[in-house]
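What follows is a single structure, written as structure tokens, with notes after it.
2 protein chains.
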Amino acid sequence: MRIGELAKRSGLAPSRIRFYEKIGLLKTVKRTPNGYRSYPPEALVVLDLITTAQGAGFSLDELRTLLPSDLNQWEHTSLVETLQRKVQDIEALQEQLADSKTKLLELLTEIESKPDDMDCATNAKRVLSQFGLGEPDSSGPDDQSNEGTAKGSLA
Amino acid sequence: MRIGELAKRSGLAPSRIRFYEKIGLLKTVKRTPNGYRSYPPEALVVLDLITTAQGAGFSLDELRTLLPSDLNQWEHTSLVETLQRKVQDIEALQEQLADSKTKLLELLTEIESKPDDMDCATNAKRVLSQFGLGEPDSSGPDDQSNEGTAKGSLA
DNA sequence: CCCGGTATTAAAGTTAGGTTTAATGCTGAC
DNA sequence: GTCAGCATTAAACCTAACTTTAATACCGGG
Numbered sequence: 526m527r528i529g530e531l532a533k534r535s536g537l538a539p540s541r542i543r544f545y546e547k548i549g550l551l552k553t554v555k556r557t558p559n560g561y562r563s564y565p566p567e568a569l570v571v572l573d574l575i576t577t578a579q580g581a582g583f584s585l586d587e588l589r590t591l592l593p594s595d596l597n598q599w600e601h602t603s604l605v606e607t608l609q610r611k612v613q614d615i616e617a618l619q620e621q622l623a624d625s626k627t628k629l630l631e632l633l634t635e636i637e638s639k640p641d642d643m644d645c646a647t648n649a650k651r652v653l654s655q656f657g658l659g660e661p662d663s664s665g666p667d668d669q670s671n672e673g674t675a676k677g678s679l680a
Numbered sequence: 526m527r528i529g530e531l532a533k534r535s536g537l538a539p540s541r542i543r544f545y546e547k548i549g550l551l552k553t554v555k556r557t558p559n560g561y562r563s564y565p566p567e568a569l570v571v572l573d574l575i576t577t578a579q580g581a582g583f584s585l586d587e588l589r590t591l592l593p594s595d596l597n598q599w600e601h602t603s604l605v606e607t608l609q610r611k612v613q614d615i616e617a618l619q620e621q622l623a624d625s626k627t628k629l630l631e632l633l634t635e636i637e638s639k640p641d642d643m644d645c646a647t648n649a650k651r652v653l654s655q656f657g658l659g660e661p662d663s664s665g666p667d668d669q670s671n672e673g674t675a676k677g678s679l680a
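Encoded structure:
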């Protein structure tokens with residue numbers, strides 16, 4: 526199968542398939558005498574696997590170290606460990622999302638419960654004073670650069 | 526307050542604070558005669574608000590259109606609408622995360638239930654055939670480039 | 001007067017995950 | 001033999017959210 530067909534069948538752009546090959550994620554690529562890429566039908570499964578796993582939160586980097594390039598060569602234990610770690614990651618994100626949601630909902634009720642006779646400015650102060658302050662946290666040692674980096678980007 | 530102190534008190538790097546100003550997110554900045562930035566104590570609240578909101582899934586772009594630069598000038602209705610939309614976004618992500626987690630857990634039990642007398646290759650095939658295939662989906666019209674773009678990056 | 005610490009700026013670099021472009025080549029149908 | 005359509009490559013570009021770098025300025029103490 527050439528790249529055009531693989532692209533159509535997998536739903537991915539050819540550029541994306543070439544890109545995956547370039548970063549070492551696809552190693553099952555042969556060449557025809559004229560230089561065209563030639564894929565076995567397996568490639569379709571691999572691409573599906575990649576996009577599905579990506580949707581489940583795996584980075585391409587993780588996938589590269591995870592996929593043994595021969596689908597029949599998985600290493601049982603490390604694979605299982607990785608999957609379990611990923612489940613834990615997901616659980617952490619679920620907690621974080623739940624927290625965010627709670628905060629937003631609190632904020633909403635707080636805003637909407639504004640007495641009709643209160644002006645916006647005062648209400649704003651009331652709402653803000655309830656919002657921003659969780660843990661004071663700022664009296665610890667001074668690591669100001671490397672603190673908030675491991676965020677899940679939710680937008 | 527100068528930028529160094531604001532940085533220490535907010536826990537953000539000075540470069541980040543300058544960056545926020547550059548992209549129009551911080552407008553409450555005056556200058557001392559020598560050119561140094563000078564912040565009112567309010568700035569601390571704004572920065573806390575920004576990082577918290579960011580953690581809740583707001584992009585800086587959204588925040589820029591949301592923050593009226595004078596904290597006492599919020600527009601009630603549009604603010605409430607935005608917050609509600611964001612709650613919906615979070616709920617969608619929660620669903621997606623739950624799905625991913627279910628899939629991973631299914632995959633794990635599937636892998637671990639491998640009969641001890643089955644070789645890895647066969648097991649791999651058994652597992653894969655259960656995994657990758659959800660909806661066939663590929664027979665529709667040909668929009669192969671712009672389909673899967675609205676992902677929450679969970680890694 | 002000089003030094004260390006803090007400040008300023010513009011511009012370039014970073015990471016992830018690709019897409020776009022430009023120049024070029026092969027292939028099959030007419 | 002020529003033209004459309006699919007293929008190739010390297011390199012440049014893209015977004016988000018910052019950081020790093022380089023060159024320069026100011027400020028207080030000894």
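Each protein sequence line maps, in turn, to chains V and E. Just so you know, the first sequence maps onto residues 526 to 680 in this note's numbering. Just so you know, the second sequence maps onto residues 526 to 680 in this note's numbering. Note that beta-carbon positions come from the ideal geometry of N, C-alpha and C, so glycine has one too.
Three-state secondary structure (DSSP) at residue i?
| i | result |
| --- | --- |
| residue 658/E | Confidence is the limiting factor: at residue 658/E the pLDDT is only 42, short of 50, which leaves the residue's position unreliable, though a coordinate-based value still follows. Coil, per DSSP. |
| residue 535/V | helix |
| residue 606/V | helix |
| residue 547/E | helix |
| residue 625/E | helix |
| residue 646/V | helix |
| residue 589/V | helix |
| residue 558/V | coil |
| residue 563/V | strand |
| residue 611/E | helix |
| residue 600/E | coil |
| residue 584/V | coil |
| residue 527/V | coil |
| residue 638/E | coil |
Quick one: which chain V residues come within Cβ less than 7 Å of residue i?
| i | result |
| --- | --- |
| residue 529/E | None at all; the shortest Cβ gap to chain V is about 10 Å. |
| residue 608/E | 629, 632 and 633 |
In chain E, which residues lie with their C-beta within 7 Å of the C-beta of residue i?
| i | result |
| --- | --- |
| residue 581/V | 625, 628 and 629 |
What is the C-beta distance between residue i and residue j, in whole angstroms, given that I count them as a contact (C-beta under 8 Å)?
| i | j | result |
| --- | --- | --- |
| residue 618/E | residue 622/V | 6 Å |
| residue 548/E | residue 585/E | 6 Å |
| residue 535/E | residue 588/E | Rounded, the Cβ-Cβ distance is 15 Å, inconsistent with contact. |
| residue 552/E | residue 581/E | That belief does not hold up - the Cβ atoms of residue 552/E and residue 581/E are roughly 22 Å apart, past 8 Å. |
| residue 615/V | residue 626/E | 5 Å |
With respect to the alpha helix (DSSP H) encompassing residue i, which residues constitute its N-terminal and C-terminal limits?
| i | result |
| --- | --- |
| residue 580/E | 567-580 |
Exercise. Please name the residues in the segment 611-642 of chain E whose beta-carbon is closer than 9 Å to at least one beta-carbon of chain V, in chain order.
Key: 611, 612, 614, 615, 616, 618, 619, 621, 622, 623, 624, 625, 626, 628, 629, 630, 632, 633, 636, 637 and 639
Exercise. Taking a Cβ distance cut-off of 8 Å, strictly less, list which residues of the segment 537-554 of chain E are near chain V, in chain order.
Key: Residues passing the 8 Å Cβ filter: 537 and 538.
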